[in-house]
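For what it's worth, my numbering labels the leading residue of the sequence shown as 87, then goes sequentially.
The structure under discussion appears below in the form of structure tokens.
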Amino acid sequence: MSGRMTLEGAGCITWWGFGPARDLLEKRKSQMPRQQTELNVLLVGSSDPRHILKTISGLGDSDTLHVWVIENSMEVVARQLLLLYISLSAPESMGMQEKTDVFLELFGNSKIRSETHDKLKHIAARLFLLVTDTMATETDTHIHPCLDTSLLKFKERDELARIFKQWQHPPSPPLSMCKVWDARVRQHLGTRYDARRGCFDWDLSMKLHDKGCGVIHKQDYIKWRESGVAFEMREGLYCIANQSLLSTRLFMQRENRVGARGYWGDIVSSPYLSFGIETDNKELLKTENNQHVKTAQNISLDNLQKLFMSLNIRGGHATVFNPTKDAFNDPSIPPGETRQSDEEPASAADQKETVELDNQRHAEDKQKSYQIELMNLPRVTVSFLSLDSLPKLPVKNKYCRLFNAVYFSASMVHHLDPSLTQTAAPDAVLIIELAKYLLDLSKEQESAFATRVNEIAKQVGFVPAHAKDNDAYAVFTLQKD
């Protein structure tokens, strides 16, 4: 599994996960005391917010949830913030249908519509402020109460700011997404490139369908494998590169590391896995002539709308923003002028106090502008930790026996260390993503990986819990002393 060519199809950066969304606290909540309502979840390499959204949807009204996220790339962190920002958009700023369409388009499409591109640039500008602005008050460490980037290092926040700026103003000359996608397909298939449609059909029918993903239709899957466009909910031209799916990969060239910008994510398994292969709505699973009537696109849309509805219920509606009148927003003052005062000129001390009050008001107005655009989910916080923070958690008192659930992706499970047990709460649950949907692996390699996962979990003090057969995740509970 560690060979570079073996998993070339999965890519070197994970833009989406290789398994469906899970409520990571579902098993834990059935075991914990009724009075325990403060819940902490650690996500290592989750890649997208599917588990965050699903876990929030399963919360009780009085529950408090703190999600701690560690990724292996700031580009993935930037995408997480983008998708969470869309998810938290208030109904007044983005309707349910638009929110779902924009989310899926930016989540799984290499190319997007011009309207979605404009939305991406707008959100990128907001996220730029989120990671660069410092609140005037000492008690506030981040502008929006649900999204916390204050625990990242300064250089990491600078990197996020650079990424968000790049989404707004892509470097010249612009990259052709068609060319960079096709280059990946050629590299992956090699001599089989001319017969690529047959390869795509084989991967779908003999692998994905065989693993229970019959709702992924042939037409949709082959189009995504050809072009990188997975979701087309609205009519229009999908012709603008999705900047959030472009990243830099380092190559060795004459003993020097050279960065190449392109698409370096998954080109085989598909973004349908996160939201589009499981549903409780039996109507979406109906078949005719052994063919599914609805598609993974339909299921993704339905699942996301239900998740967003649960966010709306928890968050209510956005706060009405009534900005304080001043020389910058008072319509009675002509542009370029300020209101004249009949009062005597202020002293130096008064001027200093006025400046401080203006700065504080400016910061408060920025926070209010987020409140009108984003919902505040009571008692829910998502904090992003530094890329290298995982081995440091066990030595910090604040994380001692904190996490009720710990999640590791398949690509990050090798970082699971016995010392991390010190951060697990009593009866904690460990969830590890398996290699079920890594299509470049053989059945023997997939089975060997599952065996290795069990060995690692045992080494860190966890024992297998009862789980569904042939699931995409292995679930463990903390071993009793």
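No residue lacks a Cβ here, since even glycine has one placed at the ideal position from N, Cα and C.
No experiment lies behind these values; they were computed from the predicted model shown.
| Asked | Found |
| --- | --- |
| For V561, list the residues DSSP reports as bridge partners. | I517 |
| In or out: H552 buried (at least 16 other Cβ within 10 Å) or exposed? | exposed |
| Relative to the alpha-carbon of N328, which residue among L192, F548, R347 has its alpha-carbon at the smallest distance? | L192 |
| If you follow the beta strand (DSSP E) that V153 is in, where does it begin and where does it stop? | 150-156 |
| Look at the alpha carbon of H378 and the alpha carbon of S148, and state the distance between them as a whole number of angstroms. | 40 Å |
| By a C-beta neighbour count over all protein chains shown, 10 Å radius and 16 as the cutoff for buried, is V561 buried or exposed? | buried |
| Count the other CB atoms within 10 Å of the CB of V344; is the residue buried (16 or more) or exposed (fewer)? | exposed |
| Report buried or exposed for Y55, applying the criterion of at least 16 other Cβ atoms within 10 angstroms of its Cβ. | This structure leaves residue 55 out entirely; the chain is present only between 87 and 567. |
| Quick check on DSSP: helix, strand or coil for S469? | strand |
| Where do the N-terminal and C-terminal ends of the alpha helix (DSSP H) with R243 fall, by residue? | 240-254 |
| Taking just the CA atoms, how far does R282 sit from V466? | 45 Å |
| Based on DSSP bridge pairs, tell me the residues matched to S313. | DSSP output for S313 lists no bridge partner at all. |
| Is DSSP giving F104 helix, strand or coil here? | coil |
| Check each candidate in R311, L213, P260 and name the one with the smallest Cα separation from Y279. | R311 |
| Tell me the residue span of the alpha helix (DSSP H) that contains E191. | 182-194 |
| Buried or exposed: which applies to V481, given that a residue is buried once 16 or more other Cβ atoms fall within 10 Å of its Cβ? | exposed |
| When the Cβ atoms of the region 351-358 are set against those of the region 293-309, are three or more pairs found closer than 8 Å? | yes |
| To which residues of the same chain is V162 closer than 8 Å at the C-beta, ignoring the five residues directly before and after it? | I99, T100, W101, S133 |
| With a threshold of 16 other CB atoms inside 10 Å of the CB of M461, please say whether the residue is buried or exposed. | buried |
| Which residues in the same chain have their Cβ closer than 7 Å to the Cβ of N158, if we skip the five residues on either side of it in sequence? | G131, L473, M498 |
| Could you give the distance in angstroms between the alpha-carbon of L371 and the alpha-carbon of N389? | 13 Å |
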